[in-house]
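Report on one structure; see the data block that follows.
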Amino acid sequence: MAIQDEMFKLIEQEINQTIEAGKERVLVNNEKAKQVARMLTSLSTDIADAESLTNQYIANIKNICNS
Numbered sequence: 708m709a710i711q712d713e714m715f716k717l718i719e720q721e722i723n724q725t726i727e728a729g730k731e732r733v734l735v736n737n738e739k740a741k742q743v744a745r746m747l748t749s750l751s752t753d754i755a756d757a758e759s760l761t762n763q764y765i766a767n768i769k770n771i772c773n774s
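So the sequence shown is residues 708 to 774, counted in this note's numbering.
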């Protein structure tokens, strides 16, 4: 979990810096972006059945973005 937490912190930092610098090109929902980052860090460190996880995460990301 330490690797996942560190990866999430780096993604979260990048999201925050992008928003603060006014670099985003679309409206960013900070909480939704963080949910996606959390899922992506979990996916990138889990060795089990990558293809199934990828499809699951894509569906979850679509659900987050559409909620």
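Here a beta-carbon is modelled for each residue, glycine too, at the ideal position from N, C-alpha and C.
Drop a sphere of 10 angstroms on the beta-carbon of residue i, count the other beta-carbons inside from all chains shown, and report buried for 16 or more, exposed for fewer.
i      : result
ALA740 : buried
THR748 : buried
In the structure shown, what three-state DSSP assignment does residue i receive?
i      : result
SER774 : coil
Kindly list the residues whose CB is nearer than 6 Å to the CB of residue i, restricted to its own chain and excluding five residues on each side of it in sequence; keep chain order.
i      : result
PHE715 : ALA744, ARG745, THR748
Quick check on the DSSP output: what are the complete beta strand (DSSP E) runs of length 3 or more inside the region 712 to 753, in order along the chain?
Counting whole runs of 3 or more residues, the region 712 to 753 contains no beta strand (DSSP E) stretch at all.
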